[in-house]
Amino acid sequence: MSSRLRQLCYLSTARTECDEAALDAILGVARDFNAAHGITGLLAYEGGCFFQVLEGAPGDVEMVLDRIRRDPRHHGLKVLADRAVSCRDFSGWAMAYSGFGKTTADGRALAKISTA
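The numbering used here numbers the first residue of the sequence shown as 75 and each following residue consecutively.
Here it is in structure tokens:
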């Protein structure tokens, strides 16, 4: 990619269901690593499925994707979008997190966003 910024979105399936403690551990490592490498993005998890957006320099995004591909907690990783972008959608968030699971009275999912 010739752009100075790359945005990549993927879906994967967790080999085992992640509880809140496991997700907190994943987020802690991801936020530290991403902050050190200029990566921003969003992680969403629900019902054994991960959705993530990664943004940064093309080589750094590739490095994170390679780490995720080798992570035994993931399988069936499918890249949904991979594009050059001129600006970040998640600027300032080393890794925002969206968990679903709570619903409104009519059954619509509510997202909870954590940017800590």
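C-beta atoms are modelled at their ideal positions from N, C-alpha and C, and glycine is treated no differently. The structure displayed is predicted, hence computed values, not measured ones.
Under the three-state DSSP convention, the category residue i falls into
i	result
F124	strand
R78	coil
D156	strand
G166	coil
E91	coil
C161	coil
T177	With a pLDDT of 41 at T177, under the threshold of 50, the modelled position of that residue is not reliable, and no figure is offered here.
Host beta strand (DSSP E) of residue i (start-end)
i	result
G102	Not the beta strand (DSSP E): G102 falls in the alpha helix (DSSP H), residues E94 to H111.
Beta-carbon spacing of residue i, residue j below 8 Å
i	j	result
V66	I113	Outside the displayed span of the chain (75 to 190) sits residue 66, for which this structure offers no information.
L85	C123	yes
R80	R147	no
T87	G150	yes
Distance between residue j and residue i (C-alpha atoms, nearest Å)
i	j	result
F125	R78	23 Å
C92	C83	20 Å
D163	E129	8 Å
L117	A104	10 Å
R141	C161	24 Å
Residue interval of the alpha helix (DSSP H) (run including residue i)
i	result
D140	P132 to R144
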